[in-house]
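Numbering (the numbering used here), first residue to last: 3 to 728.
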Amino acid sequence: MKPFLAHMNPQQQQAILANGGPILVVAGPGSGKTRVLTSRIAYLIAELGVHPYHIMAVTFTNKAAREMESRLINMLGKLPPGLTLGTFHATCARLLRRESDNLPFKSDFVIYDQEDQIELLKLAIGDLNLDPKRYKPTWAQHAISNAKNALILPDNYPVETYRDEALRRIYQRYQELLLINNALDFDDLILWTVFLLENNPEIRQRYASRFEHILVDEFQDTNVAQYLLLRYLASHHRNLFAVGDADQAIYRWRGADYRNVLRFQEDFPDAQIIPLEENYRSTQAILDVAMAVISHSPGRIPKNLFTQKGQGHKVTFFEAYNNHREVEYIADTILSLKRELGLQWGDFAVMYRTNAQSRLLEEAFLRAAIPYKLVGAQRFYGRREVKDMIAYLRLVRNPDDELSLTRVIATPPRGIGEKTFLALRTLALQKDLSPGAYLLEIGKNPNALPAEAFPERGRASLLTFSAMLHQWVSMGSSFPPLAIMDRILEDIGYRSYIDDGSEEGQDRWENVMELRRLAAEFPEPGLDAFLEQVALVSDQDTLEGGANAVTLLTLHAAKGLEFPVVFISGLNDGLLPHSRSFDDPEAMWEECRLLYVGITRAKERLFLTCSQNRSAYGYEEPIPPSRFLDYIPYHLLDEVQPRRISSRHSSKGYNLLEEVARKRESPNPPAERRYQAGMRVQHPIWGEGMVLNSVLQDGDEIVDVYFAGLGLKRLLASMAHLEIKV
DNA sequence: ATGGACAATGTTTTT
DNA sequence: CATTGTCCAT
């Protein structure tokens, strides 16, 4: 047997060996999709003799890309030279730099992250004399990002209200500012690539014929722009191999559109669909709970997940009096499980909906002396001191970057305030220069600064700064990033600026040193590679496994990971589902999928916890249990403390516990159908529908209901809270 | 130009 | 409650 087929089940083999053409691999959680993806690449290269140059594999995270890299090295002995393997954004950035002759920006553009975007938007809003309180930069950022993900430019931004028009102008001005700064934001990387391919048939043809095989990971997370990008790239050979799972689509709010899975099937009617249904991760008990939760999600393709790991331990449910008791329970349980089962700290993970929930857990863990690591809460690259240093390096690389310039000038304060800077800016614009370019000019030749234009103090500050800037820039292309960084650190006395002796100050300096270590990994002269890396790498990628500590992380951050023991905390209405999604059914189902993702991270043991009261913002308030708990049949759970009957359910005249109690008394309730074809029924979420069919099974009734606009749903009568309409 | 006092606000965040 | 941003006085 070929090495890349060893230990593969028939479905996996089918996917790996599939002939060309469009292929959609529907990969359930824990079904070995990364193995399939990498094995297929190995197969294409080693068996079919496809040159790696003709293969492109795209992922969403650097971590996923690196994971594939190392597996390929394992299988093939080395990374195939010429292979295109990377994130959407990194791949597009590379392509855009190569093709910048056909684009309105220079090949050495900088990449703005979300924080930079907000800063730039503040400028744009200011330029238009709009009230930043009415037009919040964060709002605008969201709207513009959505527009870009849907390939909408300012010119065709839909305007229905005055507000839309204002937003459209902000968007327009924002794009202008980006070009002036020779910068692209994250969304631009995809957007411009799509436009490049769309508008230049000959470039499109070049890439489309180059990439004989295109493989995509986490296909359900693609947005419209990314989907079109793939379609263009695959337009010649049509060998698009997409792996995804709509049940794990949790990034809708970021523009991801799992309906791309449907579009794919429309655009490629001959697409082969290969399901991967064997789960290698979780016990049956965990899988049962996962299936119970996700089966309520409307419009999904039913999957038949199974595992050979055996039944395993029942999923534990604990309802605490309040969230303090809840975290104590989690800490206590971790301690006793570790002792009883001989587990490592690293075997445990605690998940929650919002980062704010981690604080109480941290406190409880500190008290219990449990070592923990927090994923992603305060981003390394988002740290002020790190962003400061990156601004310096970016400025050296691209002096036109005014955003970085203003940041650099203000940190540390060097006597150049708003007034002085504005005067400088005006002078620069008169000379048709960016302020940064003008400062460089002055650095070379101090006489370029008109003596009469500034008061003595401001003038002196400007001269000092421009001289430093000039020095740094002249180092730019001939020294490695580390040398430039050290020089800057020394010139500006950065350590004494941020390290005030406090613990926080020391932390900050530590972070600067960490960045310095990263810079040291780029020994070549030129900042380009380092800055690109820094711009397109996130902290999720820096999450090192192995560290012997309990992992605390949001449900979002948990995707793609697995742990022997998982706690999902805060299963309360308002947290999960989050209150912000109450009025939007789509968002609501995304919350449900989020829970599903969390559940399916667990290998051996799963604990679901909630609390009856929650203190937040200073006050303790009652908080209802998550409505998703109703989706889990009682017999699948092991309750540590009997759950109190919540008024929410009984008020509806229907109660899960009563139902369960009734079932317990008579394991086989009267075999009688309540629903019949033709009946109209009311569902709490989907509204009114018509019963098409109903059958009895295991003492429960399985009802097929057609809902207008949603289609046919298969429901469990005991779970669905259906009301018969007369 | 800079720091201190007050008000506003409160999801998730692959790149 | 705790963090973040804005305004104002020095």
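Ideal Cβ placement from N, Cα and C applies to all residues, glycine included.
Fair warning: this is a prediction, and the values are worked out from it, not measured in the lab.
message = Buried or exposed, going by whether 16 or more other CB atoms sit within 10 Å of the CB of Met224?
response = Taking the first sequence and counting its residues from 1, one reaches residue 224 at position 222. A small fix is needed here, since residue 224 is Thr in this sequence, not Met. Per the 10 Å Cβ criterion, buried.
task = For Val642, name the three-state secondary structure that DSSP assigns.
result = Along the first sequence, one-based indexing puts residue 642 at 640. Coil, per DSSP.
query = If you check the beta carbons only, do Val539 and Asn64 fall under 8 Å apart?
reply = Along the first sequence, read from residue 1 onward, the residue named residue 539 stands at position 537. Along the first sequence, read from residue 1 onward, the residue named residue 64 stands at position 62. Closer than 8 Å, so yes.
Rounded separation between Ala149 and Leu242 - CA only = Along the first sequence, one-based indexing puts residue 149 at 147. Along the first sequence, one-based indexing puts residue 242 at 240. Roughly 26 Å between the two C-alpha positions.
query = Between the beta-carbon of Gln473 and the beta-carbon of Leu278, is there less than 8 Å?
reply = For the purposes of this step, residue 473 is taken as the residue at position 471 of the first sequence. For the purposes of this step, residue 278 is taken as the residue at position 276 of the first sequence. No. Outside cutoff.
ask   = When DSSP labels each residue in this structure, what does Asp706 get in the three-state scheme?
value = As a first step, residue 706 is located in the first sequence; it is residue number 704 there, counting from the start. The answer is strand: DSSP assigns Asp706 an E or B state.
inquiry  = Beta-carbon within less than 8 Å of Asp259's beta-carbon, same chain only, minus the 5 sequence neighbours each way: which residues are those?
reply    = Taking the first residue of the first sequence as position 1, residue 259 is located at position 257. If we look at Asp259 and ignore the five residues flanking it on each side, its Cβ neighbours are Thr224, Asn225, Val226 and Tyr229.
query = Between Tyr383 and Ile490, is the Cβ-Cβ spacing less than 8 Å?
reply = Your numbering for residue 383 matches position 381 in the first sequence. Your numbering for residue 490 matches position 488 in the first sequence. Result no, Cβ atoms of Tyr383 and Ile490 do not sit closer than 8 Å.
key: For Ser211 and His239, the rounded distance between their alpha carbons   = Within the first sequence, the letter at position 237 stands for residue 239. Within the first sequence, the letter at position 209 stands for residue 211. Going by the C-alpha atoms only, they are around 7 Å apart.
query = For Thr611, which of helix, strand or coil comes out of DSSP?
reply = Taking the first residue of the first sequence as position 1, residue 611 is located at position 609. DSSP places Thr611 in strand when its eight states are reduced to three.
Contact check, Ala412 vs Leu429, beta carbons under 8 Å = Walking along the first sequence from the start, residue 412 turns up at place 410. Walking along the first sequence from the start, residue 429 turns up at place 427. Taking 8 Å as the Cβ cut-off, Ala412 and Leu429 do not qualify as a contacting pair.
ask   = By the 10 Å Cβ neighbour count, where 16 or more other Cβ atoms means buried, how is Arg650 classified, buried or exposed?
value = Position 648 of the first sequence, counted from the start, is the residue given in the question as residue 650. Note on Arg650: pLDDT 35, under 50, position unreliable in the model; no value is reported.
inquiry  = Please identify the residue among Gly417, Leu169, Asn104 and Leu339 whose C-alpha is closest to the C-alpha of Asp133.
reply    = Position 131 of the first sequence, counted from the start, is the residue given in the question as residue 133. Among Gly417, Leu169, Asn104 and Leu339, the Cα nearest to that of Asp133 belongs to Leu169.
message = How far does the alpha helix (DSSP H) with Thr756 in it extend, from its first residue to its last?
response = Outside the shown range of the chain, which is 3 to 728, sits residue 756, and nothing can be said about it.
ask   = Over what stretch of residues does the alpha helix (DSSP H) that includes Ile601 continue unbroken?
value = Position 599 of the first sequence, counted from the start, is the residue given in the question as residue 601. Pro587 to Ile601 is the span of the alpha helix (DSSP H), which, as asked, contains Ile601.
key: Exposure of Arg510, with buried meaning 16 or more beta-carbon neighbours within 10 Å   = Locating residue 510 in the first sequence gives position 508, where the first residue counts as 1. Under this definition Arg510 is a buried residue.
Where Pro566 falls: helix, strand or coil (DSSP) = Indexing the first sequence from 1 puts residue 566 at position 564. Strand, per DSSP.
key: Three-pair Cβ contact test at 8 Å for the stretch 463-472 versus the stretch 399-419   = yes
query = Which residues in the same chain have their Cβ closer than 8 Å to the Cβ of Glu703, if we skip the five residues on either side of it in sequence?
reply = Within the first sequence, the letter at position 701 stands for residue 703. Counting only Cβ-Cβ distances below 8 Å, and skipping sequence neighbours, we find Arg675, Arg676, Tyr677, Ser696, Val697, Leu718, Ala719 and Ser720.
For His53, the first and last residue of its enclosing beta strand (DSSP E) = Counted from its first residue, the first sequence places residue 53 at position 51. No beta strand (DSSP E) holds His53; DSSP gives it neither H nor E.
query = Apart from the five residues just before and just after Asp349, which ones in its own chain have a Cβ nearer than 7 Å to its Cβ?
reply = Residue 349 sits at position 347 when you count from the first residue of the first sequence. Cβ within range, chain order: Phe565, Pro566 and Val567.
ask   = Based on Cα-Cα distance, which residue from Asn400, Phe270 and Ile75 lies nearest to Ser479?
value = The residue labelled residue 479 in the question sits at position 477 within the first sequence. Nearest C-alpha to Ser479: Asn400.
Delimiting residues of the alpha helix (DSSP H) encompassing Asn64 = Within the first sequence, the letter at position 62 stands for residue 64. Run containing Asn64: Asn64 to Leu78, per the alpha helix (DSSP H) assignment.
query = Leaving out five residues before and five after Gln274 in sequence, what residues of the same chain have Cβ atoms less than 8 Å from its Cβ?
reply = As a working note, residue 274 is residue 272 in the first sequence. For Gln274, where only same-chain residues beyond five positions count, the Cβ hits under 8 Å are Ala20, Gly23, Pro24, Ile25 and Leu26.
request  = Leaving aside the five residues before and after Pro12 along the sequence, list all residues of the same chain whose C-beta is less than 8 Å from its C-beta, in chain order.
outcome  = Locating residue 12 in the first sequence gives position 10, counting from the first residue. Excluding positions up to five away in sequence, the list is empty.
query = Under three-state DSSP, which class holds Leu577?
reply = Position 575 of the first sequence, counted from the first residue, corresponds to residue 577. Strand.
ask   = Are there 16 or more other CB atoms within 10 angstroms of the CB of Ser72, so buried, or fewer, so exposed?
value = Residue 72 sits at position 70 when you count from the first residue of the first sequence. Flag for Ser72 reads exposed.
query = Is the number of C-beta pairs between the stretch 173-193 and the stretch 147-164 that are closer than 8 Å three or more?
reply = yes
key: Contact check, Ala439 vs Asp402, beta carbons under 8 Å   = Mapped onto the first sequence, residue 439 falls at position 437. Mapped onto the first sequence, residue 402 falls at position 400. Cβ distance < 8 Å, so Ala439 and Asp402 count as in contact.
message = Need the endpoints of the alpha helix (DSSP H) that Glu534 sits in, please.
response = Walking along the first sequence from the start, residue 534 turns up at place 532. Its alpha helix (DSSP H) spans residues Asp530 to Leu538.
message = Taking the straight line between their C-alpha atoms, what separation do you get for Ser613 and Pro525?
response = For the purposes of this step, residue 613 is taken as residue 611 along the first sequence, with counting starting at 1. For the purposes of this step, residue 525 is taken as residue 523 along the first sequence, with counting starting at 1. Approximately 53 Å, taken between the alpha carbons.
inquiry  = I believe Pro626 touches Asn574 by the beta-carbon criterion, under 8 Å. Please report the beta-carbon distance rounded to the nearest angstrom.
reply    = Taking the first sequence and counting its residues from 1, one reaches residue 626 at position 624. Taking the first sequence and counting its residues from 1, one reaches residue 574 at position 572. Pro626 to Asn574, Cβ: 7 Å. Contact.
task = Tell me whether Asn695 sits in a helix, a strand or coil according to DSSP, three-state version.
result = The count along the first sequence starts at 1 and reaches residue 695 at position 693. Correct three-state label for Asn695: strand.
query = Between Ala251 and Arg595, is the Cβ-Cβ spacing less than 8 Å?
reply = To locate residue 251, count along the first sequence from 1; it is residue 249. To locate residue 595, count along the first sequence from 1; it is residue 593. Yes.
At least three beta-carbon pairs within less than 8 Å, the stretch 48-55 to the stretch 28-39 = no
ask   = Pro139: buried (16+ other C-beta within 10 angstroms of its C-beta) or exposed?
value = As a first step, residue 139 is located in the first sequence; it is residue number 137 there, counting from the start. Its Cβ being crowded by 16 or more others within 10 Å, Pro139 is buried.
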